[in-house]
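S.K.: These protein sequences, in sequence, are chains A and B.
Per the numbering used here: the first sequence = residues 1 to 251.
Per the numbering used here: the second sequence = residues 252 to 502.
Protein chains: 2
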Amino acid sequence: MNKHKIVTAAMLAIGDELLSGRTKDKNIGYLAENLTVAGIDLKEVRIVADDQDAIVEAVNALRAKYDLVFTSGGIGPTHDDITADAMSAAFGLPCLHDPDAMRLLGEMYERRGLEFNEARQRMARMPQGARHIENAVSTAPGFIVENVHVMAGVPAVFQAMLGWLLPHLPTGATVMSRTVVSPFGEGEIGKPLTEVQKNHPETSIGSYPKFDGKGFYTEIVVRARDEAVLQSAVSAVEAMLDAISATRETA
Amino acid sequence: MNKHKIVTAAMLAIGDELLSGRTKDKNIGYLAENLTVAGIDLKEVRIVADDQDAIVEAVNALRAKYDLVFTSGGIGPTHDDITADAMSAAFGLPCLHDPDAMRLLGEMYERRGLEFNEARQRMARMPQGARHIENAVSTAPGFIVENVHVMAGVPAVFQAMLGWLLPHLPTGATVMSRTVVSPFGEGEIGKPLTEVQKNHPETSIGSYPKFDGKGFYTEIVVRARDEAVLQSAVSAVEAMLDAISATRETA
C-alpha cells in the first residue's frame, strides 16, 4: 500500500487574449493554490489559442497523462467560444444543446426579461452526456467529461465553478510546505543546501532567489507529505543557515 | 510571396513554485505583450516542474513546432536549478562550464569580494556552444541553443534578458489591434458579431466578457496585420452596436 495517495492534475487555459498579452491570466495561480490545499498535484499547465486543433491536441495529451484536467475559457456565447466544440471533437462525441442547461438558462433569461436567443443558447452546448459544473454567478454551467473539467475564463465565474467543483474531486495526501528565509543569496547556500536535499530525500526543497532592488536573498521552501519528515528537513536548513552565519561572524 | 511574414513562438515556464501556486507567474504576460509589439506570434505556453524529463519533453515538442522558444526559470546556482542540464539533454549536447561565462562571473564576484564557489560556478553551465543572453542585473547570462532562448525566472532578470534579446530576434508583421467596448453582454451581440467576423475573414475578432460585480459588458478586440483591413472591421463592429442601440431605443 502506498503510504501517501497521489492525485495528479493539469490545466489548459484557452484564449487568444492570454497569448497576445492583452489579458493577464488570473486562473492558473488561483487553481494552483486551491489544488495544493486540496491535496491535488498540479503537474503541468498549457495555454493555447482559440483554435480547435490546438485545443484538441492539448486536451488529449493532458487527459491521457494526468488524473484530472481543468480548462478555463471559451464557453461563452460568441463565435470565438469554441471550447464545447473542441472538447466534443477530442472525445468523439456530438456537441449538443444540453436539455438541463437549456432549461436552467431559459428560466434565468425569462426571470431577467431577456430573450433566450441563439447566441445565449450556445452556452448550453456541451458534449453529449457531460455532467454540469454549477455556477451561481452567471448560471451557464461548466461541464465534466470523464476526467476533464471545463470552466469559464472570467475569473469570478472560474472561481465560482471551482468552488462548487472542489468538494466533488478525488484528493490525495496534502503536501505541506514551510518557508525559511535565508539572508544569504543562492550562491552562498547552494552547496550546503544540496547536501540537505540529499539527506532528506522524502522532501522536495525549492530555492527561490528574491531581488529587493539592491541584492539577492533567498526563500527556501521545504515540502513534504509528512509532518515529522518536513520538520526534520526544516531543522536541517536552519542549522545550515546558522553554520553560515557563525562562519561569517568568525571571519 | 506572403503579404505578411509570420514568426511563431512558444514559452516554457519552469518551476515547482508556479505549479504549487506559491509564486504567481509574472513572465508569461510580460513576454506575450512584448512579442505582440515586436510582431512575433506567441502560440502556446507550457508550465512544467523542475523535472528533467518534463522539461526535455516540453522543449523538444515546442522547438519542433514553433520558430522561437523562450524559457524562464531554473538557471540559478542551487540543486533545483536544472534547466541547463535539461536543455543539454534535449539537444544531446554536453553541459559544460562555459569559458566566457566563467570569466564574466569570476570577474563580477572578484569585484564584489565574494568567493566564486562551486554553487556560483553552476550558473556558468550551459550546453556546449550555446550563445549568451546578456543580463545587466545579475551578470549570469541566459543562453541560446538553436531556436531556444533560456532566461531566468526572477522577473527583474527575465525582463533584462528579454530587453537585450528582443532586438536580436527575427520578427514578422505586427498584429495591430483595436478595442471597441460594448455596453451589451455577449449574449446580445453574439449572433451579429459572428456575421461581422464572417464578413472580415482577414481579421481575428475576440469577444471578452467583463463582469463589473453587477452585470456583464463586453470588450470586442479586432486584430489584423493591415490598417485598412482593421479599420473596416472596426467600423462594422461599431455599426453593429449602433444598430442594437437603435433597436433598444425604438422598443
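All residues carry an ideal CB built from backbone N, CA and C; glycine is no exception.
Note that the structure is a prediction, hence the values are computed from the model and not measured.
Which chain A residues are close to N368 of chain B, counting only those with a beta carbon under 9 Å from its beta carbon?
M.R.: Within the second sequence, the letter at position 117 stands for residue 368 of chain B. Ordered by position in chain A, the residues that pass the 9 Å Cβ test against N368 of chain B are G187, E188, G190, K191.
S.K.: Count Cβ pairs between the stretch 279-297 of chain B and the stretch 256-267 of chain B that sit closer than 8 Å; are there 3 or more?
M.R.: Segments in contact, yes.
S.K.: Any beta carbon from chain B within less than 8 Å of L169 of chain A's own beta carbon?
M.R.: As a working note, residue 169 of chain A is residue 169 in the first sequence. Not one chain B Cβ lies under 8 Å of L169 of chain A.
S.K.: What residues from chain A crowd round R376 of chain B, counting only those whose CB sits closer than 9 Å?
M.R.: Residue mapping note: residue 376 of chain B aligns to position 125 of the second sequence, counting from 1. Residues of chain A passing the Cβ test: none, with the nearest at roughly 12 Å.
S.K.: Within a Cβ cutoff of 7 Å, which residues of the same chain sit near A124 of chain A, ignoring the five residues on either side of it in sequence?
M.R.: As a position in the first sequence, residue 124 of chain A is number 124, starting the count at 1. The residues are H97, D98, A101, M102, L105.
S.K.: Would G272 of chain B pass as an interface residue toward chain A - the criterion being a Cβ-Cβ separation below 8 Å?
M.R.: For this step, residue 272 of chain B is matched to residue 21 along the second sequence. Yes, its Cβ sits closer than 8 Å to a Cβ of chain A.
S.K.: How would you call H4 of chain A, buried or exposed, if buried means at least 16 neighbouring beta carbons within 10 angstroms?
M.R.: Within the first sequence, the letter at position 4 stands for residue 4 of chain A. H4 of chain A is exposed by the Cβ-count criterion.
S.K.: Indicate whether T445 of chain B and A475 of chain B have their beta-carbon atoms separated by less than 8 Å.
M.R.: Here residue 445 of chain B refers to the residue found at position 194 when the second sequence is read from its first residue. Here residue 475 of chain B refers to the residue found at position 224 when the second sequence is read from its first residue. Not closer than 8 Å, so no.
S.K.: Looking at chain B, is there any beta carbon in it that lies within less than 8 Å of the beta carbon of L42 of chain A?
M.R.: For the purposes of this step, residue 42 of chain A is identified with residue 42 of the first sequence, where counting begins at 1. By this cut-off, L42 of chain A is an interface position.
S.K.: Please work out which residues of its chain come closer than 7 Å, Cβ to Cβ, to T390 of chain B, disregarding the five sequence neighbours upstream and downstream, and give them in chain order.
M.R.: Taking the first residue of the second sequence as position 1, residue 390 of chain B is located at position 139. Correct list, in chain order: L355, L356, M359.
S.K.: Looking at chain A, is there any beta carbon in it that lies within less than 8 Å of the beta carbon of N253 of chain B?
M.R.: Here residue 253 of chain B corresponds to residue number 2 of the second sequence, with the count starting at 1. Bear in mind that the predicted position of N253 of chain B carries a pLDDT of just 49, short of 50, making it too unreliable to give a figure here.
S.K.: Cβ closer than 8 Å: which chain B residues qualify as neighbours of L17 of chain A?
M.R.: Taking the first sequence and counting its residues from 1, the one referred to as residue 17 of chain A is at position 17. Position check: residue 17 of chain A holds Glu in this sequence, whereas Leu was assumed. G457, Y459, V472, listed in chain order.
S.K.: Whose CA, out of A:V175, A:N147, A:A156, lies closest to the CA of A136 of chain A?
M.R.: Position 136 of the first sequence holds residue 136 of chain A. It is A:A156.
S.K.: On the criterion of 16 or more Cβ atoms from any shown chain inside 10 Å, does P452 of chain B qualify as buried, or is it exposed?
M.R.: Indexing the second sequence from 1 puts residue 452 of chain B at position 201. By the neighbour-count rule (16 or more Cβ atoms within 10 Å), P452 of chain B is not buried but exposed.
S.K.: For a contact meaning CB atoms closer than 7 Å, what does E33 of chain A contact in chain B?
M.R.: If you number the first sequence from 1, residue 33 of chain A lands on position 33. Result: G272.
S.K.: Looking at the secondary structure, which residues open and close the alpha helix (DSSP H) in which M338 of chain B lies?
M.R.: Here the question's residue 338 of chain B lines up with position 87 in the second sequence. Residues 334-342.
S.K.: Could you tell me the alpha carbon to alpha carbon distance between I306 of chain B and G325 of chain B, rounded to whole angstroms?
M.R.: On the second sequence, position 55 is the one that residue 306 of chain B refers to. On the second sequence, position 74 is the one that residue 325 of chain B refers to. Those two C-alpha atoms are separated by around 10 Å.
S.K.: Quick check on T259 of chain B - is its C-beta less than 8 Å from some C-beta in chain A?
M.R.: Walking along the second sequence from the start, residue 259 of chain B turns up at place 8. No, no contact with chain A.
S.K.: Spatial neighbours of K26 of chain A within its chain, please: C-beta separation below 6 Å, excluding the five flanking residues on both sides.
M.R.: Working through the first sequence from its first residue, we reach residue 26 of chain A at position 26. Result list for K26 of chain A: P155, in chain order.
S.K.: Give the secondary structure of D41 of chain A by DSSP, where H, G and I count as helix, E and B as strand, and everything else as coil.
M.R.: Translated into the one-based positions of the first sequence, residue 41 of chain A becomes position 41. Residue state, collapsed to three classes: strand.
S.K.: Going by DSSP in three states, R382 of chain B sits in which element: helix, strand or coil?
M.R.: The count along the second sequence starts at 1 and reaches residue 382 of chain B at position 131. Of the three classes helix, strand and coil, the one that applies to R382 of chain B here is strand, per DSSP.
S.K.: By the three-class DSSP mapping on this structure, what secondary structure does M252 of chain B have?
M.R.: Here residue 252 of chain B refers to the residue found at position 1 when the second sequence is read from its first residue. Here the model assigns M252 of chain B a pLDDT of 38, short of 50, so the residue's position is not dependable and the matter cannot be decided.
S.K.: Measure the Cβ-Cβ separation of L93 of chain A and P127 of chain A and say whether it is below 8 Å.
M.R.: Position 93 of the first sequence, counting from 1, holds the residue named residue 93 of chain A. Position 127 of the first sequence, counting from 1, holds the residue named residue 127 of chain A. Result yes, Cβ atoms of L93 of chain A and P127 of chain A sit closer than 8 Å.
S.K.: So, does the stretch 488-497 of chain B touch the stretch 52-69 of chain A, judging by three or more C-beta pairs under 8 Å?
M.R.: These segments do not touch.
S.K.: Counting only C-beta atoms, is D349 of chain B closer than 8 Å to chain A at any point?
M.R.: Mapped onto the second sequence, residue 349 of chain B falls at position 98. No, D349 of chain B does not count as interfacial toward chain A.
S.K.: Using a Cβ-Cβ cut-off of 8 Å, state whether T334 of chain B counts as contacting chain A.
M.R.: As a working mapping, residue 334 of chain B is identified with position 83 in the second sequence. Cβ-Cβ to chain A under 8 Å: no for T334 of chain B.
S.K.: If you scan the stretch 16-82 of chain A from start to end, which runs of the beta strand (DSSP E) of 3 or more residues do you find wholly inside it?
M.R.: If we require 3 residues or more, the beta strand (DSSP E) runs fully inside the stretch 16-82 of chain A come out as 41-48, 68-72.
S.K.: Would you decide whether P460 of chain B is buried or exposed? Buried here means 16 or more other CB atoms lie within 10 Å of its CB.
M.R.: The count along the second sequence starts at 1 and reaches residue 460 of chain B at position 209. Label assigned to P460 of chain B: buried.
S.K.: Measuring CB to CB, does S323 of chain B end up less than 8 Å from G272 of chain B?
M.R.: As a first step, residue 323 of chain B is located in the second sequence; it is residue number 72 there, counting from the start. As a first step, residue 272 of chain B is located in the second sequence; it is residue number 21 there, counting from the start. Result no, Cβ atoms of S323 of chain B and G272 of chain B do not sit closer than 8 Å.
S.K.: Do A38 of chain A and L166 of chain A have their CB atoms nearer than 8 Å?
M.R.: As a working note, residue 38 of chain A is residue 38 in the first sequence. As a working note, residue 166 of chain A is residue 166 in the first sequence. Cβ atoms of A38 of chain A and L166 of chain A: closer than 8 Å.
S.K.: Against chain A, does T329 of chain B count as a neighbour if the rule is that its beta carbon must be under 8 Å from one of theirs?
M.R.: The residue labelled residue 329 of chain B in the question sits at position 78 within the second sequence. It does; some Cβ of chain A falls within 8 Å.
S.K.: Tell me, please, whether the CB atom of K5 of chain A is closer than 8 Å to any CB atom in chain B?
M.R.: Looking up residue 5 of chain A in the first sequence gives position 5. No, no contact with chain B.
S.K.: Would DSSP call A261 of chain B helix, strand or coil?
M.R.: As a position in the second sequence, residue 261 of chain B is number 10, starting the count at 1. Here A261 of chain B sits in strand by DSSP.
S.K.: Do you know offhand how far R429 of chain B's Cα is from V485 of chain B's?
M.R.: As a position in the second sequence, residue 429 of chain B is number 178, starting the count at 1. As a position in the second sequence, residue 485 of chain B is number 234, starting the count at 1. Taking the straight line joining both Cα atoms gives about 7 Å.
S.K.: Would you give the residue range spanned by the alpha helix (DSSP H) that R103 of chain A belongs to?
M.R.: For the purposes of this step, residue 103 of chain A is taken as residue 103 along the first sequence, with counting starting at 1. Here the alpha helix (DSSP H) through R103 of chain A covers 99-111.
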